[in-house]
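Numbering (this note's numbering), first residue to last: 60 to 470.
The beta-carbon is built from N, C-alpha and C at its ideal position, and this holds for glycine as well.
Written out below as structure tokens is the structure these notes cover.
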């Protein structure tokens, strides 16, 4: 049985090991470090060390830096600690790394399927009712019937009855459900205006599918259980979500919002229980998802909800950013473990120093740190300047091309 701690490196000067308890990562971690700091290496090593404890991870990869988490080093790299060669072999043998490419069919696409498996629960009235309610909750915001108004109430009632009818008839595809709404059969709803309301719902739902190809589109349905469950014989699964098919921030934020809502619902049904850590969710470039300064994105609310609520279910979050000044101010307060690496811009340096003071420490030479050096702030401990080890998987300086990402996803 492995000790329940994650090694973070060695203290500069004394050489003493620096480590964090695995269970402490339930309270989240934040990495504030800029270009050339070794931030990506640190992210990878955290994911790798957790995987060796059997903790699976979902990793957002906005810069094509993380899709190599399953690659073997061609030769021993500088920066490995004693025993890391054996750990790397153990990590690669026990960890299943899967690269997903939303909106890119040439790789391994993902989609959001709002309709559950009605056929699988048709024989249990309670489970069927829950499946209908889940579908209503997924579709209602898309067709603007999630408000508490008379018009929305009527639309939601028709939506619910139509879903019950469609599910009992063995329906499974979203396009088939749109067709049913467009020509609502007699008797599905007793509301006098049901056919017109259903036709309006069909139009809105079709528009939602046209505007967002991920919604009801092709590819593996987004299921956190799939993303976090390894195949038989593997210790952990690392699901890397590549953004090569989501070229702009708006598309990425919309995807992350839906992913986070699905993840929150899943972890509530599948809490870690007595395990130290049930899973890891890693957000690089976190300032684009939960920005500060009063700015709000499509995923700000879901990010903050996860940050404040996920810990009690055993899901750990890792927020990494090159721009601590640009990150929502609630994120640092919800991260018990913090890393401060090299920063260059004066505004970000001052922001990091202020965050460090809030944690009861200081980062006097943060603008002069070497690559791989971080001030580490653990809950209840003094700040320690540490040198993080090189990651266990291959990490050359040049990011993958889109074609290389797609090739990894396809295999």
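Min CB distance residue i to chain C below 9 Å
i, result
"residue 368", "Here there is only one protein chain, and chain C is not present."
Which listed residue (the options) has its alpha carbon closest to that of residue i
i, options, result
"residue 334", "77, 383, 313, 82", "82"
"residue 188", "203, 224, 171", "224"
"residue 104", "461, 446, 458, 462", "446"
"residue 443", "147, 424, 455", "424"
"residue 363", "164, 65, 349", "349"
"residue 393", "85, 69, 75", "85"
"residue 118", "467, 286, 462, 279", "286"
"residue 440", "185, 456, 80", "80"
"residue 461", "133, 163, 107", "163"
"residue 250", "70, 136, 210", "210"
"residue 339", "140, 323, 438, 354", "323"
"residue 172", "255, 87, 234", "234"
"residue 260", "213, 228, 179", "213"
"residue 298", "151, 454, 159", "159"
"residue 390", "68, 456, 411, 400", "411"
"residue 343", "66, 93, 67, 73", "93"
"residue 375", "72, 68, 115", "115"
"residue 372", "359, 336, 354, 183", "336"
Straight-line Cα distance separating residue j from residue i
i, j, result
"residue 377", "residue 365", "11 Å"
"residue 379", "residue 91", "6 Å"
"residue 312", "residue 434", "30 Å"
"residue 288", "residue 157", "11 Å"
"residue 202", "residue 99", "40 Å"
"residue 78", "residue 450", "15 Å"
"residue 149", "residue 237", "49 Å"
"residue 351", "residue 385", "5 Å"
"residue 89", "residue 321", "22 Å"
"residue 147", "residue 332", "29 Å"
"residue 177", "residue 190", "7 Å"
"residue 108", "residue 252", "59 Å"
"residue 426", "residue 413", "14 Å"
"residue 231", "residue 368", "32 Å"
"residue 307", "residue 347", "11 Å"
"residue 95", "residue 70", "20 Å"
"residue 228", "residue 459", "46 Å"
"residue 255", "residue 207", "20 Å"
"residue 295", "residue 273", "27 Å"
"residue 463", "residue 129", "13 Å"
"residue 265", "residue 277", "15 Å"
"residue 193", "residue 327", "14 Å"
"residue 66", "residue 310", "36 Å"
"residue 387", "residue 399", "17 Å"
"residue 422", "residue 370", "27 Å"
"residue 270", "residue 142", "51 Å"
Nonlocal neighbours in the same chain, by C-beta distance under 8 Å from residue i, ignoring five residues either side
i, result
"residue 61", "With a pLDDT of 45 at residue 61, under the threshold of 50, the predicted position of this residue should be treated as unreliable, and no value is reported."
"residue 284", "325, 329"
"residue 215", "195, 199, 204, 205"
Coil, strand or helix - residue i by DSSP
i, result
"residue 380", "strand"
"residue 131", "coil"
"residue 319", "helix"
"residue 69", "strand"
"residue 422", "coil"
"residue 172", "coil"
"residue 10", "Residue 10 is absent from the model: the chain starts at 60 and stops at 470."
"residue 310", "helix"
"residue 444", "strand"
"residue 414", "helix"
"residue 159", "strand"
"residue 303", "coil"
"residue 61", "Annotation note: pLDDT 45 at residue 61 (below 50); position unreliable, coordinate value reported separately. Reduced to three states, the DSSP call for residue 61 is coil."
"residue 8", "Any question about residue 8 goes unanswered here, given that the chain covers just 60 to 470."
"residue 197", "helix"
"residue 397", "strand"
"residue 468", "helix"
"residue 154", "strand"
Neighbourhood of residue i by C-beta distance below 7 Å, restricted to the same chain and skipping five residues each side
i, result
"residue 318", "281"
"residue 257", "217, 221, 240, 243"
"residue 139", "448, 449"
"residue 290", "155"
"residue 180", "186, 187, 190"
"residue 127", "452, 453, 454, 459"
"residue 144", "135"
Cut-off 6 Å between Cβ atoms - residues of its own chain near residue i, not counting five sequence neighbours on either side
i, result
"residue 431", "97, 446, 447"
"residue 436", "397, 418, 420, 442"
"residue 279", "169"
"residue 263", "202"
"residue 197", "173"
The ligand MN heavy atom lying under 8 Å from the CB of residue i
i, result
"residue 114", "Inclusion of the ligand MN in the displayed structure is not the case, the ligand content being empty and no account of it being possible."
- request: Mind the definition here: the region 293-310 touches the region 115-126 only if three or more C-beta pairs lie below 8 Å; say whether that holds.
  value: Touching, per the Cβ criterion.
message: Is it the case that the region 379-391 contacts the region 407-415, given that we only count it when at least three CB pairs across the two stretches are under 8 Å?
response: Flag = yes, the region 407-415 and the region 379-391 touch.
- request: Count the C-beta pairs between the region 453-470 and the region 163-170 that are closer than 8 Å, then say yes if the count reaches three, no if not.
  value: The answer is yes - the region 163-170 touches the region 453-470, with three or more Cβ pairs under 8 Å.
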